[in-house]
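A.B. asks: Oh and the sequence shown: position 273 is 272 in numbering that gives the first Met the number 0, straight run, nothing missing.
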Amino acid sequence: MSGPTIEKLRVALVAAPLDTPIVAPFGTVTTRHNLLVRVETSDGCWGIGEAWGNFPPWGCRERVDILTNVVRPALIGQALDDPARLYRGLAQTMRALANQLGAPGPFQQALCGADIALWDAMARRAGCPLADFIRGRPSSRRVDVYATNLPIQRLAAVEEMASKGHTRFKFRVAGNDTLFLDRLREARSVVGARPMMADATQSLQLETLRPLVGALDELALEWLEEPFLVDDEKSYVAWCAQNVRPPIALGENSYRLAGFRRLLDVIRPEVVQPDITKTGGISEGQEICRDILAAGRRACLHMYGGPVGLYASANLSAAIDGMSWLEMDSLPNPLFDMLLRHPPTVEDGKLHLGAEPGLGELIREDVFERFEVI
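(1) Taking the CB atoms as reference points, tell me whether W51 and T276 lie closer together than 8 Å.
(2) Closest by CA to T67, which one among K7, R140, R244?
(3) Is M0 helix, strand or coil by DSSP?
(4) So which of I373, D328, A317, G321 has the shortest CA-CA distance to R354?
(5) Starting from I291, follow the alpha helix (DSSP H) in both directions and report where the run begins and ends.
(6) Where does the unbroken alpha helix (DSSP H) through R94 begin, and where does it stop?
(7) Indicate the three-state DSSP secondary structure (helix, strand or coil) for N33 in the structure shown.
(8) Where does D119 land, buried or exposed, given buried means 16+ other C-beta within 10 angstroms?
(9) Among L79, G250, S234, which residue has its Cα nearest to the Cα of L300?
(10) Could you please give the first and the last residue of the uninterrupted alpha helix (DSSP H) stretch that includes I115?
(11) Just verifying my parser: in three-state terms, what is the DSSP assignment at K233?
(12) Taking the beta carbon of F106 as the centre, do at least 16 other beta carbons fall within 10 Å, making it buried, or is it exposed?
(13) Just how far apart, CA to CA, sit C127 and L350?
(14) Select from A146, E286, L180 the residue whose C-alpha is nearest the C-alpha of D320.
(15) In whole angstroms, give me the CA-to-CA distance for V13 and D274.
(16) Tell me the DSSP secondary structure of I275 in three-state form.
(17) Taking its Cβ as the centre, do 16 or more other Cβ atoms sit within 10 Å of W57, making it buried, or is it exposed?
(18) Just the Cα atoms here: how many angstroms apart are N252 and N53?
(19) Within the chosen definition, does the region 200-214 reach the region 156-175 through at least 3 CB pairs nearer than 8 Å?
(20) What are the uninterrupted segments assigned as alpha helix (DSSP H) that are 4 or more residues long and contained completely in the region 138-200, given in chain order?
(21) Give me the Cβ distance between P82 and D114, rounded to the nearest whole Å; I'm assuming they're in contact under 8 Å.
(22) How about V70 and L89: do their beta carbons lie closer than 8 Å?
(23) From Y235 to F367, what distance separates their C-alpha atoms?
(24) Mind checking whether L17 and P333 have CB atoms under 8 Å apart?
(25) Opposite L8 in the DSSP bridges: which residues?
(26) Taking the beta strand (DSSP E) that I133 belongs to, which residues open and close that run?
(27) In whole angstroms, give me the CA-to-CA distance for S188 and A161.
(28) Span of the beta strand (DSSP E) holding I47?
(29) Label G376 either buried or exposed according to how many other C-beta atoms from any shown protein chain fall within 10 Å of its C-beta, with 16 as the threshold for buried.
(30) Which of the three DSSP states, helix, strand or coil, is assigned to M327?
(31) Check whether the Cβ atoms of R289 and E269 sit closer than 8 Å, and answer yes or no.
(32) Give the C-beta separation of I5 and L110 to the nearest angstrom, bearing in mind that I take them to be a contact with Cβ-Cβ under 8 Å.
(33) Secondary structure at G357, three-state DSSP: helix, strand or coil?
(34) Cβ of L79 within 8 Å of Cβ of G357?
(35) Per DSSP, I21 forms a beta bridge with which residues?
(36) So, at 7 Å on beta carbons, what are the nonlocal neighbours of E185 in its own chain, with the 5 sequence-adjacent residues on each side left out?
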């Protein structure tokens, strides 16, 4: 099947300073960055995507260079007929260079942003919402979400998020905080019977966590996310071998279908969290999600970036039966204010999706005029 040709690939880099920095085990975030990709075709159609550029801030420049020096020349002149075909071809084209630079992650993240934009453009041409285009028939316009990154030391954030329609809550905990277990108990008293999760962001050690397994289990967490370094398979296997423990969640730092198949085969976490802005875009992301579900695991898309990534992830979740909760920013994120035409609507724990073609008219008209990297 032929289609219009890709004439342009534009890249925008948005930087939004934070009033309150986010302190993570790997550093402090003072500015939220967002890397957007826009493809434009010979018939006047366009689509938009988001490439992961969350941290570190200087890492965005590398992804911009990959998009402009590698992805752009590879896609311009190609027929926009099958995003998955373009994805596979470009992944193979970039493989040797990514290996040579020792940078498969940044190359994959850049490819994901372009892939999402290609799918958005195809759905716009087809005149249907992105979820419907992926599924091949109408999909739900409401997606289950959870509020993420809640500060464990400011529990008033729970009811603030509840007032915005959230019913599920994930807290950030730090391995160097000797009181993190007490803080989680206090958080559980505030959350009550509502679903609650904890994200350690790779900051804990197996030997210090093991004595706490019973107390953690009593908290009835939906999951404990990335307690150990994600490449420490030995610790995860040992932790998962225990009969009494919270469910484990990880996957945001796994790559492509092969990476997730290894994760499912070796560690077998109860909750698996692909991120389509870095893992496999929509082309490979939907395969990954179906593999997770076929293995009997919960598929919860990871998303901690900007609004384009959020709504693209929501559309993929809506397109696949059996998907579990989608991650959604809870702390004030100036990227949403800077980029979105309208704030997200969450009711009873569900994010509302529009009915416009593709991702709809999400972002302000002047975004690429203001932030395009020339």
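We treat Cβ as the ideally placed atom computed from N, Cα and C, and that holds for glycine.
Every value quoted in this text rests on a predicted model; they were computed, and no experiment measured them.
C.D. replies: By the coordinates alone:
(1) Yes, Cβ-Cβ distance for W51 and T276 is below 8 Å.
(2) For the options K7, R140, R244, the alpha carbon positioned closest to that of T67 is the one of K7.
(3) Confidence is the limiting factor: at M0 the pLDDT is only 47, short of 50, which leaves the residue's position unreliable and the question unanswerable from this model.
(4) At residue 354 the sequence reads Ala, which differs from the Arg that was named. A354 has its Cα closest to that of A317, out of I373, D328, A317, G321.
(5) 284-293 is the span of the alpha helix (DSSP H), which, as asked, contains I291.
(6) Note, R94: alpha helix (DSSP H), 82-100.
(7) Strand at N33.
(8) Buried, because 16 or more other Cβ atoms sit within 10 Å of the Cβ of D119.
(9) Cα-wise, what sits closest to L300 is G250.
(10) I115 -> alpha helix (DSSP H) spans 103-125.
(11) In the structure shown, K233 sits in a helix (DSSP, three-state: H, G or I).
(12) By the neighbour-count rule (16 or more Cβ atoms within 10 Å), F106 is buried.
(13) Rounded to whole angstroms, the separation of the alpha carbons of L350 and C127 is 19 Å.
(14) The residue with the shortest Cα to Cα distance from D320 is E286.
(15) Roughly 20 Å separates the two Cα atoms.
(16) Looking at I275 - three-state DSSP - the assignment turns out to be coil, as it is neither helix nor strand.
(17) Exposed: under 16 other Cβ atoms inside 10 Å.
(18) A direct Cα-Cα distance of roughly 12 Å separates N252 from N53.
(19) Taking a cut-off of 8 Å on C-beta distances, the region 200-214 touches the region 156-175, as three or more cross pairs fall below it.
(20) Fully enclosed alpha helix (DSSP H) runs of 4 or longer: 155-161, 179-190.
(21) Between D114 and P82 the Cβ distance is about 6 Å, and since that is below 8 Å, they are a contact.
(22) Yes, the Cβ-Cβ distance between V70 and L89 is below 8 Å.
(23) As the crow flies, the alpha-carbon of Y235 is around 43 Å from that of F367.
(24) Their beta carbons are under 8 Å apart, which means L17 touches P333 by this criterion.
(25) Answer is V38, bridged to L8.
(26) Per DSSP, I133 belongs to no beta strand (DSSP E); it is in the alpha helix (DSSP H), 129-134.
(27) Approximately 15 Å, taken between the alpha carbons.
(28) Run containing I47: 45-50, per the beta strand (DSSP E) assignment.
(29) In the structure as shown, the chain begins at 0 and stops at 373. Residue 376 is therefore absent and cannot be evaluated.
(30) Shown here, M327 sits in a strand according to DSSP, grouped into three states.
(31) Result no, Cβ atoms of R289 and E269 do not sit closer than 8 Å.
(32) In fact, because the Cβ distance is near 14 Å, the residues do not count as touching under 8 Å.
(33) Here G357 sits in strand by DSSP.
(34) No, Cβ-Cβ distance for L79 and G357 is not below 8 Å.
(35) Residue pairing by DSSP places I21 opposite V28 in a beta bridge.
(36) In its chain, beyond the 5 residues on either side, L154 have a beta carbon closer than 7 Å to the beta carbon of E185.
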